[in-house]
Amino acid sequence: MMIYVIFLVVSLFSSAFSDPSSILQYPSEPNGEEVNLYCTSWRFASETNNLAPWSTIPAECAEYVKDYVLGKGYATDLERVSEEASIFASTVDFSGDGKDAWIFDIDETLLSNLPYYIDHGFGVELFDHSEFDKWVERGVAPAIAPSLKLYQRVLDLGYRVFLLTGRKESHRLVTVENLINAGFQNWDKLILRSPDEQHKMATLYKSEKRDEMVKEGYRIRGNSGDQWSDLLGSSMSQRSFKLANPMYYIP
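Under the numbering used here, the first residue of the sequence shown carries the number 1, and numbering increases by one thereafter.
Printed below as a string of structure tokens:
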């Protein structure tokens, strides 16, 4: 029995590493279960920041991503992040000087763009900036319910709230209206990209904005975002909370 187990393990590893580009070999003609396993693995690698930069989801994962974001899995994952963030937020000992801050991204963090992505393949299409700008200008993105709950909790606890988004400065008015209509109010500052910042990578842009907060004496206790570029870089928060988003990647 032991010899059989050893043989099986060696066979699996030999097969896995025969292709240097992938530990898990993807069958040339996969069945439905194999596609589901592959896409689950791909999503996990994406959420843990283990994938190389990508521009579209794998074509064979279009239905998988659709089912995930429209089903209970995505909703449950968002709720989990909100709950864990709320627990942490409640444990912080405030200094009493009004400088304890929480940062929120906007798109796929506070507001959902699912209505847009339903019409654009759930990430299988290349991102079209002009089309997305038209969607933003409509100002109808709904709130992500667990994030709204966390947002209210953070405000009630006394944090200073900063909204740090990659949206353009030209979208300020419609973004403010959309946020208020969705239930988000009383933030301390809304930071959008100026024309001079459009060329910057998101990680650099958001790091610089956090650097400014720290120089002003703020302690960034929490940071909620759907992209690793919302969370990584300089002046990182005491705790970072990554919301699920398998539809697009922003470096």
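Glycine included, C-beta positions come from ideal geometry on N, C-alpha and C.
Problem set entry | Any beta strand (DSSP E) of 3 or more consecutive residues that is wholly inside the region 75-149 | 100-104
Exercise. Residues bridged to Gly222 by DSSP?
Worked result: Locating residue 222 in the sequence shown gives position 222, counting from the first residue. DSSP lists Trp102, Arg239 as partners of Gly222.
Problem set entry | For Lys72, the residue or residues it bridges with in DSSP | Position 72 of the sequence shown holds residue 72. According to DSSP, which records beta bridges pairwise, Lys72 is partnered with nothing at all.
Exercise. Can we say the region 138-154 touches the region 60-72, given the rule of at least three CB pairs closer than 8 angstroms?
Worked result: no
Exercise. Where Thr40 and Lys72 are concerned, what is the direct C-alpha to C-alpha distance, given to the nearest angstrom?
Worked result: Residue mapping note: residue 40 aligns to position 40 of the sequence shown, counting from 1. Residue mapping note: residue 72 aligns to position 72 of the sequence shown, counting from 1. Distance between the alpha carbons of Thr40 and Lys72: 15 angstroms.
For this session: Just confirm the distance between the C-beta atoms of Phe162 and Ile103, as a whole number of angstroms; I'd bet it's less than 8 angstroms.
Result: Taking the sequence shown and counting its residues from 1, the one referred to as residue 162 is at position 162. Taking the sequence shown and counting its residues from 1, the one referred to as residue 103 is at position 103. Indeed they touch by this definition, with Cβ atoms about 5 angstroms apart.
Exercise. Mind checking Gln198: buried by the 16 CB within 10 Å criterion, or exposed?
Worked result: By 1-based counting over the sequence shown, the position of residue 198 is 198. Label assigned to Gln198: exposed.
For this session: Could you please give the first and the last residue of the uninterrupted beta strand (DSSP E) stretch that includes Leu192?
Result: Sequence index remark: in the sequence shown, residue 192 carries index 192 (1-based). Segment 189-193, the beta strand (DSSP E) holding Leu192.
For this session: Measure the CB-CB distance between Phe241 and Glu47 and report whether it falls below 8 angstroms.
Result: As a first step, residue 241 must be located in the sequence shown, where it is residue number 241. As a first step, residue 47 must be located in the sequence shown, where it is residue number 47. Contact flag unset, no.
Exercise. Does the beta-carbon distance from Ile191 to Ala101 come in below 8 angstroms?
Worked result: Counted from its first residue, the sequence shown places residue 191 at position 191. Counted from its first residue, the sequence shown places residue 101 at position 101. Contact: no.
Exercise. Nearest CA to the CA of Glu208: which residue from Asp188, Gln227, Leu231?
Worked result: By one-based count along the sequence shown, residue 208 stands at place 208. It is Leu231.
Problem set entry | Sub-8 angstroms separation of Ser235 and Met201 beta-carbons | As a working note, residue 235 is residue 235 in the sequence shown. As a working note, residue 201 is residue 201 in the sequence shown. Cβ atoms of Ser235 and Met201: not closer than 8 angstroms.
Exercise. Nearest-angstrom Cα distance between Tyr38 and Ile118?
Worked result: Translated into the one-based positions of the sequence shown, residue 38 becomes position 38. Translated into the one-based positions of the sequence shown, residue 118 becomes position 118. Roughly 22 angstroms separates the two Cα atoms.
For this session: For Gly166, name the three-state secondary structure that DSSP assigns.
Result: Working through the sequence shown from its first residue, we reach residue 166 at position 166. In this structure, Gly166 counts as strand in the three-state DSSP scheme.
For this session: Just mark Ile106 as buried or exposed, buried being the case when its beta carbon has 16 or more other beta carbons within 10 Å.
Result: Here residue 106 is taken as the residue at index 106 of the sequence shown, counted from 1. That one is buried.
Exercise. Should Lys215 and Arg193 be called a contact, given that it needs their Cβ atoms to be closer than 8 angstroms?
Worked result: Taking the first residue of the sequence shown as 1, we reach residue 215 at position 215. Taking the first residue of the sequence shown as 1, we reach residue 193 at position 193. Not a contact, by the Cβ cut-off of 8 angstroms.
For this session: Per DSSP, which residues does Arg160 bridge with? Please list them.
Result: The sequence position of residue 160 within the sequence shown is 160, counting from 1. In the DSSP output, where bridge partners are listed per residue, Arg160 has Ala101.
Problem set entry | Rounded C-alpha distance that separates Gln238 from Asn31 | Position 238 of the sequence shown holds residue 238. Position 31 of the sequence shown holds residue 31. Taking the straight line joining both Cα atoms gives about 44 angstroms.
Exercise. Taking the C-alpha atoms as reference points, what is the distance between Arg253 and Ser90?
Worked result: Outside the modelled stretch of the chain, which goes from 1 to 251, sits residue 253, for which no answer is possible.
Exercise. Secondary structure at Asn186, three-state DSSP: helix, strand or coil?
Worked result: The count along the sequence shown starts at 1 and reaches residue 186 at position 186. Looking at Asn186 - three-state DSSP - the assignment turns out to be coil, as it is neither helix nor strand.
Problem set entry | Rounded separation between Ser130 and Gly123 - CA only | Taking the sequence shown and counting its residues from 1, the one referred to as residue 130 is at position 130. Taking the sequence shown and counting its residues from 1, the one referred to as residue 123 is at position 123. Using only the alpha carbons, I get a separation of about 16 angstroms.
Exercise. Would you say Trp228 and Asn50 are within 8 angstroms of each other, going by their C-beta atoms?
Worked result: Within the sequence shown, the letter at position 228 stands for residue 228. Within the sequence shown, the letter at position 50 stands for residue 50. Their beta carbons are not under 8 angstroms apart, which means Trp228 does not touch Asn50 by this criterion.
Exercise. Which residues in the same chain as Pro251 place their Cβ atom closer than 8 angstroms to its Cβ, once the five residues preceding and following it in sequence are excluded?
Worked result: Residue mapping note: residue 251 aligns to position 251 of the sequence shown, counting from 1. Hits under 8 angstroms: Pro53, Met201, Ala202, Thr203, Ser229.
Exercise. Leaving out five residues before and five after Ser21 in sequence, what residues of the same chain have Cβ atoms less than 7 angstroms from its Cβ?
Worked result: Looking up residue 21 in the sequence shown gives position 21. With a pLDDT of 36 at Ser21, under the threshold of 50, the modelled position of that residue is not reliable, and the figure given next carries that caveat. Hits under 7 angstroms: none found.
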